[in-house]
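>
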Amino acid sequence: MLEIISRVDEAINNIVWGPVMLVLLIGTGFFLSAKTGFIQFGKFGYMLRHTLFGVFSKKQHRKDEAGVSAFQAVATAMAGTIGTGSIAGLATAIVSGGPGALFWMWVSALFGMVTKYAEIVLAIRYREKNEKGEWVGGPMYYIKNGLGIKWLAGAFAAFAMIACLGTGNATQSNSIAIALESTLGLRPYITGIVLTVLCAVVILGGVRRIASVNEKLVPFMAIFYVLCALSALILTFDRIPAAFSLIFREAFNVKAAAGGTAGYGIMLAMHYGFSRGVFSNEAGLGSAPIAHAASSTRDPVRQGLWGMFEVFFTTIIICTLSGLVILTTGIWESGEYHGSALSIASFNAILPGIGGVIVTLSTVFFALSTILGWAYYGEVCIGYLTRKSKRAIFLYRCVYVIFVFIGTVGSLDLIWGISETMNGLMAIPNLIGLLGLSGTVAKITKNHGMREAEKQEK
638 MLEIISRVDE
648 AINNIVWGPV
658 MLVLLIGTGF
668 FLSAKTGFIQ
678 FGKFGYMLRH
688 TLFGVFSKKQ
698 HRKDEAGVSA
708 FQAVATAMAG
718 TIGTGSIAGL
728 ATAIVSGGPG
738 ALFWMWVSAL
748 FGMVTKYAEI
758 VLAIRYREKN
768 EKGEWVGGPM
778 YYIKNGLGIK
788 WLAGAFAAFA
798 MIACLGTGNA
808 TQSNSIAIAL
818 ESTLGLRPYI
828 TGIVLTVLCA
838 VVILGGVRRI
848 ASVNEKLVPF
858 MAIFYVLCAL
868 SALILTFDRI
878 PAAFSLIFRE
888 AFNVKAAAGG
898 TAGYGIMLAM
908 HYGFSRGVFS
918 NEAGLGSAPI
928 AHAASSTRDP
938 VRQGLWGMFE
948 VFFTTIIICT
958 LSGLVILTTG
968 IWESGEYHGS
978 ALSIASFNAI
988 LPGIGGVIVT
998 LSTVFFALST
1008 ILGWAYYGEV
1018 CIGYLTRKSK
1028 RAIFLYRCVY
1038 VIFVFIGTVG
1048 SLDLIWGISE
1058 TMNGLMAIPN
1068 LIGLLGLSGT
1078 VAKITKNHGM
1088 REAEKQEK
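By the count of the working numbering, the sequence shown reaches residue 1095 at its end, each step adding exactly one.
(1) Run through DSSP, which three-state label would residue 866 get?
(2) Along the chain, where does the alpha helix (DSSP H) containing residue 949 start, and where does it finish?
(3) Could you check the C-alpha separation between residue 932 and residue 838 for me, to the nearest Å?
(4) Could you tell me whether the stretch 906 to 921 touches the stretch 736 to 751, where touching means 3 or more Cβ pairs closer than 8 angstroms?
(5) Thinking residue 925 and residue 756 are a contact (beta carbons under 8 angstroms), I'd like their distance in whole angstroms, please.
(6) Determine the direct distance from the alpha carbon of residue 799 to that of residue 987, and round the result to whole angstroms.
(7) At which residues does the alpha helix (DSSP H) containing residue 1025 begin and terminate?
(8) On the CB-based measure, 16 or more other CB atoms within 10 Å of its CB, does residue 1024 come out buried or exposed?
(9) So, for residue 781: in the same chain, excluding its five sequence neighbours on each side, which residues have a beta-carbon less than 7 angstroms away from its beta-carbon?
(10) Hey, how far is the Cα of residue 734 from the Cα of residue 1084?
(11) Can you grab the Cα-Cα spacing for the pair residue 749 / residue 922, in whole Å?
(12) Between which two residues does the alpha helix (DSSP H) harbouring residue 981 extend?
(13) Quick check: the stretch 1018 to 1032 against the stretch 759 to 778, are at least 3 beta-carbon pairs closer than 8 angstroms?
(14) Am I right that residue 997 and residue 816 are in contact with their C-beta atoms under 8 angstroms? What's the rounded C-beta distance?
(15) Could you pull out every residue in the same chain whose Cβ sits closer than 8 angstroms to the Cβ of residue 959, ignoring the five residues on either side in sequence?
(16) Residues in the same chain with beta-carbon distance under 6 angstroms from residue 777, minus the five sequence neighbours each way, listed in chain order, please.
(17) Is it buried or exposed for residue 1080, if we count other Cβ within 10 angstroms and need 16 for buried?
(18) Assuming the contact rule is C-beta atoms closer than 8 angstroms, residue 616 and residue 658 should be a hit. Round their C-beta distance to whole Å, please.
(19) Do you know whose CA, among 853, 666, 647, lies nearest residue 1068's CA?
(20) For residue 1009, count the other beta carbons within 10 Å of its own beta carbon; 16 or more makes it buried, fewer makes it exposed. Which is it?
(21) Hey, how far is the Cα of residue 652 from the Cα of residue 783?
(22) With DSSP as the reference, please indicate the residues paired to residue 766 in a beta bridge.
(23) Mapping the DSSP letters down to three states, classify residue 924 as helix, strand or coil.
(24) Name the residue from 796, 1012, 1004 whose alpha carbon lies nearest to the alpha carbon of residue 813.
(25) Along the chain, where does the alpha helix (DSSP H) that runs through residue 823 open and close?
(26) Report the residue from 763, 1037, 1007 whose alpha carbon sits nearest the alpha carbon of residue 1019.
(27) In three-state DSSP terms, what is residue 610?
(28) Only counting the same chain, and skipping five residues up and downstream in sequence, which positions put a Cβ closer than 8 angstroms to that of residue 647?
(29) Could you check where the alpha helix (DSSP H) with residue 724 kicks off and where it finishes?
(30) Once DSSP output is grouped into helix, strand and coil, what is the label at residue 965?
(31) Measure the CB-CB distance between residue 620 and residue 810 and report whether it falls below 8 angstroms.
(32) Give the single residue among 970, 954, 840, 830 whose Cα lies nearest to the Cα of residue 883.
(33) I need the DSSP call for residue 655, collapsed to helix, strand or coil.
(34) Just tell me which of 803, 880, 949 has its CA closest to the CA of residue 753.
(35) If residue 854 sits next to residue 1006, beta carbons under 8 angstroms apart, how far is it from one beta carbon to the other, in whole angstroms?
(36) What span of residues does the alpha helix (DSSP H) with residue 801 cover, start to end?
Here it is, written out as structure tokens:
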């Protein structure tokens, strides 16, 4: 039965993540970049000032009864973004698509920065309030309220609801189980029981509890991993130039497939680079704007800048550091390790003993925060489909918690395969919405720029 499911999923995956999707993803990012004057390059410094360097501003932590603070919304979105895609997903991309996949992850991120920016701008623009007076939003709301296509909005919500169980849940708990088994020898079912209980305590408490936990967890885990990865790379500094050379060379490798199809190497690298790139930063999926829509902020552009930063940090920074650690050791060439196990082996090769502990802790923190972040995404989606039914939302929370355990004892290949397919399916209606409302994004961006210019003149 599992073999049949796997084959069906593979067939759908090949269609969903075929050349058309790759062109649609990058094409949408490029189109939106052009409409906004390539804001990711021209306003890069402005983005850093209002995100990374403005994190301690009181405005970022201000909240009201209608929503969480801007930073809590960011932390929840970052929690969903900085997941095992930055460790296990990156490692899988290198093993399956070669080192060149990392280059295509960078390409997807550069244009994905504007894609996510546009998602968040629209999420703030077209969000609504629920019966509690809290802000709710996301692609289904801007597709419905902006484009007026209700069936497409429903399709996104349905695909996203299912994807949350895999992409944001089962793949994450699976990676935690593998990491703890590889490092500590802990049986997966034991990990599953403990993890399920921990997640249940937070998830059943709703968005405010999720946001409160992630606000504290995300900054800590991000800084911890970056410092550890930099420490490892200092010890292999002399091999970094060769690693970069390998990345660029393999990105344009024109080797043929077994059947003689020219350019197979490039297509394989692009496929895994784009798909794993999207998995790592979620640009184009439409998941993160669901969290950002819950923010108390009234300024869609400033919140959108955080989306740009998320993509930059998770893919350009985190994935690059992870990839360099793997490539400078050469362990990936053996084909013996996959997923988070490859990252653990690579860190251990540079930092014997402690390296495995670093990746294990990072995987646990990254994956746990992602599980919590995507729990809210699924809750909003089921709420949209059932007209905000409290009973349906509670039942979904319970099912979501159960999937935490299922992920720890399930098949890695099947879980990742289904998750990747659902990512593609939910991206399609979202990208249609972004293209259809690109004029609105451009107008809001331009108006914001004019207001900032007027402030400077005064």
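Every residue gets a Cβ at the ideal spot worked out from N, C-alpha and C, and that includes glycine.
This structure is a prediction, so every number in the text was calculated from the model and none was measured.
Let me lay it out:
(1) Within the sequence shown, residue 866 is the residue found at index 229, counting from 1. Helix at residue 866.
(2) Residue 949 sits at position 312 when you count from the first residue of the sequence shown. If you look at residue 949, you'll find it isn't in any alpha helix (DSSP H); DSSP assigns it neither H nor E.
(3) As a working mapping, residue 932 is identified with position 295 in the sequence shown. As a working mapping, residue 838 is identified with position 201 in the sequence shown. The alpha-carbon atoms of residue 932 and residue 838 are separated by roughly 23 angstroms.
(4) Look at the beta carbons and you see the stretch 906 to 921 touching the stretch 736 to 751: at least three pairs across the two are nearer than 8 angstroms.
(5) For the purposes of this step, residue 925 is taken as residue 288 along the sequence shown, with counting starting at 1. For the purposes of this step, residue 756 is taken as residue 119 along the sequence shown, with counting starting at 1. Contact holds; Cβ gap of about 7 angstroms.
(6) Counting from one through the sequence shown, the residue named residue 987 turns up at place 350. Counting from one through the sequence shown, the residue named residue 799 turns up at place 162. Taking the straight line from one Cα to the other gives about 39 angstroms.
(7) The sequence position of residue 1025 within the sequence shown is 388, counting from 1. Unbroken run through residue 1025: none, as it is neither H nor E.
(8) The residue given as residue 1024 occupies position 387 in the sequence shown. With fewer than 16 other Cβ atoms from the protein chains shown falling within 10 Å of its own Cβ, residue 1024 counts as exposed.
(9) Position 144 of the sequence shown, counted from the first residue, corresponds to residue 781. Answer for residue 781: 787, 790, listed in chain order.
(10) Along the sequence shown, one-based indexing puts residue 734 at 97. Along the sequence shown, one-based indexing puts residue 1084 at 447. Their Cα atoms are separated by approximately 42 angstroms.
(11) Within the sequence shown, the letter at position 112 stands for residue 749. Within the sequence shown, the letter at position 285 stands for residue 922. So the alpha carbons of these two residues sit roughly 10 angstroms apart.
(12) Position 344 of the sequence shown holds residue 981. 976 to 987 is the extent of the alpha helix (DSSP H) around residue 981.
(13) yes
(14) Within the sequence shown, residue 997 is the residue found at index 360, counting from 1. Within the sequence shown, residue 816 is the residue found at index 179, counting from 1. Right, their Cβ atoms sit about 5 angstroms apart.
(15) For the purposes of this step, residue 959 is taken as residue 322 along the sequence shown, with counting starting at 1. Only 723, 724, 727, 728, 866, 980 meet the Cβ criterion.
(16) Taking the sequence shown and counting its residues from 1, one reaches residue 777 at position 140. So the qualifying residues of the chain are 790, 793, 794, 1021.
(17) For the purposes of this step, residue 1080 is taken as residue 443 along the sequence shown, with counting starting at 1. Residue 1080 counts as exposed, since fewer than 16 other beta carbons sit within 10 angstroms of its beta carbon.
(18) For residue 616 there is no data in the structure shown, the boundaries of the chain being 638 and 1095.
(19) Indexing the sequence shown from 1 puts residue 1068 at position 431. The residue with the shortest Cα to Cα distance from residue 1068 is 666.
(20) If you number the sequence shown from 1, residue 1009 lands on position 372. With 16 or more Cβ atoms within 10 Å of its Cβ, residue 1009 is classed as buried.
(21) Taking the first residue of the sequence shown as position 1, residue 652 is located at position 15. Taking the first residue of the sequence shown as position 1, residue 783 is located at position 146. C-alpha separation (whole angstroms): 28 angstroms.
(22) Walking along the sequence shown from the start, residue 766 turns up at place 129. Answer is 772.
(23) For the purposes of this step, residue 924 is identified with residue 287 of the sequence shown, where counting begins at 1. Here residue 924 sits in coil by DSSP.
(24) As a first step, residue 813 must be located in the sequence shown, where it is residue number 176. Per the Cα distances, 1004.
(25) Numbered from 1 along the sequence shown, position 186 holds the residue referred to as residue 823. Note, residue 823: premise wrong, no alpha helix (DSSP H); not H, not E.
(26) Reading the sequence shown from its first residue, position 382 is the one you call residue 1019. Out of 763, 1037, 1007, 1037 has the C-alpha closest to the C-alpha of residue 1019.
(27) Any question about residue 610 goes unanswered here, given that the chain covers just 638 to 1095.
(28) To locate residue 647, count along the sequence shown from 1; it is residue 10. In the same chain as residue 647, and ignoring 5 residues on each side of it, the C-beta atoms closer than 8 angstroms to its own belong to 1054, in chain order.
(29) As a first step, residue 724 is located in the sequence shown; it is residue number 87 there, counting from the start. Segment: none, residue 724 is in no alpha helix (DSSP H) and carries neither H nor E.
(30) Taking the sequence shown and counting its residues from 1, the one referred to as residue 965 is at position 328. DSSP places residue 965 in helix when its eight states are reduced to three.
(31) Lying before the first or after the last residue shown, residue 620 is absent from the chain, which here runs from 638 to 1095.
(32) Reading the sequence shown from its first residue, position 246 is the one you call residue 883. Nearest C-alpha to residue 883: 970.
(33) For this step, residue 655 is matched to residue 18 along the sequence shown. In the structure shown, residue 655 sits in coil (DSSP, three-state: anything other than H, G, I, E or B).
(34) The count along the sequence shown starts at 1 and reaches residue 753 at position 116. Closest option to residue 753, Cα to Cα, is 949.
(35) In the sequence shown, residue 854 corresponds to position 217, counting from 1. In the sequence shown, residue 1006 corresponds to position 369, counting from 1. About 5 angstroms separates the Cβ atoms of residue 854 and residue 1006, confirming a contact at the 8 angstroms cut-off.
(36) Reading the sequence shown from its first residue, position 164 is the one you call residue 801. First-last of the alpha helix (DSSP H) with residue 801: 787 to 802.
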